[in-house]
Amino acid sequence: MKKPNTEKEENAKQEDLALNKSQADDQFLTTNQGVKINDNNNSLKAGERGPSLLEDFILREKITHFDHERIPERIVHARGSAAHGYFELYKPLDKYTKAGFLNDTGIKTPVFVRFSTVAGSRGSTDLARDVRGFSVKFYTQEGNYDLVGNNMPVFFIQDAMKFPDLIHAVKPEPHNEIPQAASAHDTFWDFISLMPESMHMIMWVMSDRAIPRSLRMMEGFGVHTFRFINKQNESHFVKFHWKPKLGTHAVVWDEAQKISGKNSDFHRQDLWEAIESGNFPEWELGVQIIPESDEHKYDFDLLDPTKLVPEELVPVTIIGKIVLNKNPDNFFAETEQVAFHPGHIVPGIDFTNDPLLQGRLFSYTDTQLLRLGSPNFHEIPINRTVAPMHNNQRDGHMRQEIATGRVSYHPNSLGNGCPFQAKIDQGGFSSFNERIDAQKVRDRSASFSDHFSQATLFYQSQTNIEQEHIINALRFELGKVETLTIRERMLGLLSKIDKILANRVAKGLGMSVPQVLEKPINQGVGADADEKKYEPSFVEPPIQKSDALSMLKNKTGIDTISTRQIAFLCNDGVNATSVKNMKNALKNAGADVKIIAPHLGSIVSEDGSEIPVDQSYLIAASVLFDGVFIPAGKGISDLKNMKEVKDFLNDSYTHCKFIAAEGEGIKVLPFNDKKENKPSKDAGIFTSEKAGDADLAVSFIKGLEKHRFWDREAQL
Ligand code: HDE
Numbered sequence: 001m002k003k004p005n006t007e008k009e010e011n012a013k014q015e016d017l018a019l020n021k022s023q024a025d026d027q028f029l030t031t032n033q034g035v036k037i038n039d040n041n042n043s044l045k046a047g048e049r050g051p052s053l054l055e056d057f058i059l060r061e062k063i064t065h066f067d068h069e070r071i072p073e074r075i076v077h078a079r080g081s082a083a084h085g086y087f088e089l090y091k092p093l094d095k096y097t098k099a100g101f102l103n104d105t106g107i108k109t110p111v112f113v114r115f116s117t118v119a120g121s122r123g124s125t126d127l128a129r130d131v132r133g134f135s136v137k138f139y140t141q142e143g144n145y146d147l148v149g150n151n152m153p154v155f156f157i158q159d160a161m162k163f164p165d166l167i168h169a170v171k172p173e174p175h176n177e178i179p180q181a182a183s184a185h186d187t188f189w190d191f192i193s194l195m196p197e198s199m200h201m202i203m204w205v206m207s208d209r210a211i212p213r214s215l216r217m218m219e220g221f222g223v224h225t226f227r228f229i230n231k232q233n234e235s236h237f238v239k240f241h242w243k244p245k246l247g248t249h250a251v252v253w254d255e256a257q258k259i260s261g262k263n264s265d266f267h268r269q270d271l272w273e274a275i276e277s278g279n280f281p282e283w284e285l286g287v288q289i290i291p292e293s294d295e296h297k298y299d300f301d302l303l304d305p306t307k308l309v310p311e312e313l314v315p316v317t318i319i320g321k322i323v324l325n326k327n328p329d330n331f332f333a334e335t336e337q338v339a340f341h342p343g344h345i346v347p348g349i350d351f352t353n354d355p356l357l358q359g360r361l362f363s364y365t366d367t368q369l370l371r372l373g374s375p376n377f378h379e380i381p382i383n384r385t386v387a388p389m390h391n392n393q394r395d396g397h398m399r400q401e402i403a404t405g406r407v408s409y410h411p412n413s414l415g416n417g418c419p420f421q422a423k424i425d426q427g428g429f430s431s432f433n434e435r436i437d438a439q440k441v442r443d444r445s446a447s448f449s450d451h452f453s454q455a456t457l458f459y460q461s462q463t464n465i466e467q468e469h470i471i472n473a474l475r476f477e478l479g480k481v482e483t484l485t486i487r488e489r490m491l492g493l494l495s496k497i498d499k500i501l502a503n504r505v506a507k508g509l510g511m512s513v514p515q516v517l518e519k520p521i522n523q524g525v526g527a528d529a530d531e532k533k534y535e536p537s538f539v540e541p542p543i544q545k546s547d548a549l550s551m552l553k554n555k556t557g558i559d560t561i562s563t564r565q566i567a568f569l570c571n572d573g574v575n576a577t578s579v580k581n582m583k584n585a586l587k588n589a590g591a592d593v594k595i596i597a598p599h600l601g602s603i604v605s606e607d608g609s610e611i612p613v614d615q616s617y618l619i620a621a622s623v624l625f626d627g628v629f630i631p632a633g634k635g636i637s638d639l640k641n642m643k644e645v646k647d648f649l650n651d652s653y654t655h656c657k658f659i660a661a662e663g664e665g666i667k668v669l670p671f672n673d674k675k676e677n678k679p680s681k682d683a684g685i686f687t688s689e690k691a692g693d694a695d696l697a698v699s700f701i702k703g704l705e706k707h708r709f710w711d712r713e714a715q716l
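Residues in the sequence shown are numbered from 1 upward in steps of one, following the UniProt record's numbering.
Okay, here's the thing in structure tokens:
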């Protein structure tokens, strides 16, 4: 049967990658030159106990290749995880853009998506408090389009000139290379406390957005304002949003730190396993579209990457979705060698003059040249386009293409003028003809000077719980700062965002907010700059709150427990019906259940049936799960005295997780024990005396949908 077109396009990248895939089933081991190897265990020697011989080309080749296996890791976003999938458009956007993949709903465009942390090295923990990269490479029929975004909609700085400073400040300190993948140190906060423009981003990074529960449960943003260009060459400004189908969820900070110890690959593994088990993560692509005529309508500058456009002012229109349905075959070949670039655009999309974006347009090619070692990095299978690619660029290290013929210049007559230029209506790219009439200045626009009002908007839009987490994050981070004046400067800046916030943070640090800061220090200016012009201003925002900025007010994904991990704390002598009924109910709701027991293998239930064990108490930890159930059964009571079980339940309790117990399992709960002064049972703990109670499962699932029982936090 002939495949429908959509499948052809969707598979285009996989078919392209297949050209380079190899497998060694039923094959001899050979050298790189194809010579079969007879002994892969012993080097060539002069006598059994003699010296190795230089002539051993097999040993030399093997060791040399090994010696050269590493390439420089990315200077930022070194730690990443990626997957393949496709993008599907819901409705044509021809009114705004001529980009083919945003016009044809019949096409499934292949994508490769890489998520990352920013500050840590390749081997660092997934659960660092950090921004997450969210890079999408669309292999469109008109060339590759990369949307290289983050999980937060704004950035620390306004001008590319400050990027190396920002990154030097956040990376481990240069004298002792401490700390790894952490912003809680003096150099970061020293820099931040002198750069008021970073305040809005600081609110995001101190919020729980910086510690996602899963890469599958975070939003993505293009950050900069881009342009859509339609066939009539009209421009609209556009902001890109990715909205996860599973909702936006986080872990708590204590949990993040413990996960880093228990499983530093927590996010990577979660993404991998979800895809392997057929639970393909999905995000919807949304756009905020602003007509060219509204460029100056707002009290912030659309070109300023420290500002977002509140959804209340310009709603997000959902236009399509990505589905990630295939893990890479080889981490290095795909996830490590993929080269994203915000300058990889296609006709119908264009840049704006955002000075951060403009700097990025230089940086990404430059960094690939170092990292991948050659201007031919576009030929690496994961990077090459599925659209036809022909030009007169030639040679360079590791060139793969064998360009035939004698012509490598344009214009030419010997090659019949080929490859020839494309007219605009043939798909040729033309930059938007924005009018620019300006003086050359090294300066910044006064319209970039309001550094506080959106930071305040973000903070005010959070629920009490979320605000509390921001306060605690700041107490933690600044608490690790040793230099008192840095802490003081930060408190001064925080007081410009919200006085109560600053006072609460100060209290935790045993300090008071300095009174002098009518004009916050701003060292993000030139030496001869007009100080008045650069004085941070505060513009009253048109809205006081934006629900879209709060994860807890966000309603997407709150009605699903799909792929949530639930631990069953078990023992020999467990009640099999209790286990079976709860497991079935949770599985039917899409969750995943793991049986935890004192030993691996299997446990014997009350009725003599055997239940296979997934993890022992030595391996399992509450922080790796979303909820916990203790089934009924005579043997369950023994769990009460196990330290691992106590630790498990205490963590589940303090991290506000939903807990359920049946029959004898209820006695294992370390609550309601007046003698030991243990906390009392709350509405996040569900119990039933009956083994296999269907109603208990229903309430447990309803609880899990809320992700956490936050009301408990006030009692802790
Ligand atoms: Fe990047 N950034 N960046 N960045 N960035 C890199 O490119 C840079 C910025 C982002 O999964 C590097 O290939 C400069 C904003 C992601 O491979 C490098 C500036 C945003 C990734 C680089 C910024 C990002 C990178 C390092 C300020 C959100 C990972 C390796 C002018 C919109 C891509 C590489 C991947 C990677 C430079 C600011 C997102 C050095 C100079 C703002 C998601 O080129």
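Cβ coordinates follow ideal geometry from the N, Cα and C atoms, glycine included. The model shown is predicted, which means the values in this text are computed figures rather than measured ones.
As assigned by DSSP and simplified to three states, the class of residue 388:
coil
Between the Cα of residue 529 and the Cα atoms of 284, 446, 583, 548, which residue gives the shortest distance?
446
Any chance the stretch 532 to 551 sits against the stretch 569 to 589, with 3 or more Cβ pairs inside 8 angstroms?
no
Just to confirm my understanding: we take residue 682, look at its own chain, exclude 5 residues before and 5 after, and list those with CB closer than 6 angstroms. What are they?
712
Taking only three categories from DSSP, how would you classify residue 592?
strand
Look at the Cβ atom of residue 401, then the Cβ atom of residue 327, and state whether they are nearer than 8 angstroms.
no
Kindly list the residues whose CB is nearer than 7 angstroms to the CB of residue 525, restricted to its own chain and excluding five residues on each side of it in sequence; keep chain order.
534
Assess contact between the stretch 338 to 346 and the stretch 138 to 148, defined as three or more Cβ pairs (one per stretch) separated by less than 8 angstroms. Is contact present?
yes
Out of 103, 684, 198, which one is the CA nearest neighbour of residue 451?
198
Nearer than 7 angstroms: is that true of the beta carbon of residue 305 relative to any heavy atom of the ligand HDE?
yes
Below 8 angstroms between beta carbons: does that hold for residue 98 and residue 239?
no
For chain B, is any of its Cβ atoms less than 8 angstroms away from the one on residue 218?
The question asks about chain B, but that chain is absent: this structure has only one protein chain.
Segments of 3+ residues assigned as beta strand (DSSP E) that fall wholly inside the stretch 282 to 308
282 to 291
Validate contact between the stretch 202 to 221 and the stretch 259 to 271 using beta carbons, cut 8 angstroms, 3 pairs
yes
Residue 730 Cβ short of 7 angstroms to the ligand HDE heavy atom set
Given that the chain is displayed from residue 1 to residue 716, the structure contains no residue 730 and the question cannot be resolved.
Exposed unless 16 or more other CB atoms sit within 10 angstroms - verdict on residue 622
buried
Name the two residues that bound the continuous beta strand (DSSP E) containing residue 448.
Run containing residue 448: none; DSSP gives neither H nor E here.
Does the Cβ of residue 138 have 16 or more other Cβ atoms within 10 Å, making it buried, or fewer, making it exposed?
buried
Quick one: using the 10 Å Cβ neighbour count with 16 as the cut-off for buried, is residue 498 buried or exposed?
buried
Euclidean distance between Cα positions of residue 3 and residue 597:
With a pLDDT of 41 at residue 3, under the threshold of 50, the predicted position of this residue should be treated as unreliable, and no value is reported.
What is the DSSP secondary structure of residue 44, counted as helix, strand or coil?
coil
What I want to know is whether the C-beta of residue 376 ends up closer than 7 angstroms to one or more non-hydrogen atoms of the ligand HDE.
no
Just to check my reading of the structure: residue 633 and residue 605 have Cβ atoms closer than 8 angstroms, yes? What is that Cβ distance to the nearest angstrom?
7 angstroms
I want to know whether the stretch 125 to 133 touches the stretch 192 to 212 - three or more CB-CB distances under 8 angstroms.
yes
Three Cβ pairs or more, each shorter than 8 angstroms: is that satisfied between the stretch 178 to 185 and the stretch 87 to 106?
no
Assign residue 171 to one of three DSSP states: helix, strand, or coil.
coil
Minimum C-alpha distance to residue 117 - residue among 664, 154, 462, 74:
74
Any non-hydrogen atom of the ligand HDE within 7 angstroms of residue 80 CB:
yes
May I have the straight-line CA-CA distance separating residue 315 from residue 608, to the nearest angstrom?
59 angstroms
Do residue 372 and residue 421 have their beta-carbon atoms positioned less than 8 angstroms apart in this structure?
no
Whole-angstrom distance between residue 376 and residue 383, CA atom to CA atom:
10 angstroms
Once DSSP output is grouped into helix, strand and coil, what is the label at residue 144?
strand
Flag residue 116 as yes when its Cβ comes closer than 7 angstroms to any non-hydrogen atom of the ligand HDE, and as no otherwise.
yes
Presumed contact (8 angstroms Cβ cut-off) between residue 773 and residue 479, rounded CB distance
Past the boundaries of the shown model lies residue 773; the chain is included only from 1 to 716, so the question cannot be answered.
Whether or not the stretch 236 to 250 and the stretch 57 to 65 are in contact is what I'm after, with contact meaning three or more pairs of Cβ atoms, one per stretch, closer than 8 angstroms; do they touch?
no
Can you tell me whether residue 502 is buried or exposed? The criterion is at least 16 other CB atoms within 10 Å of its CB, across all chains shown.
buried
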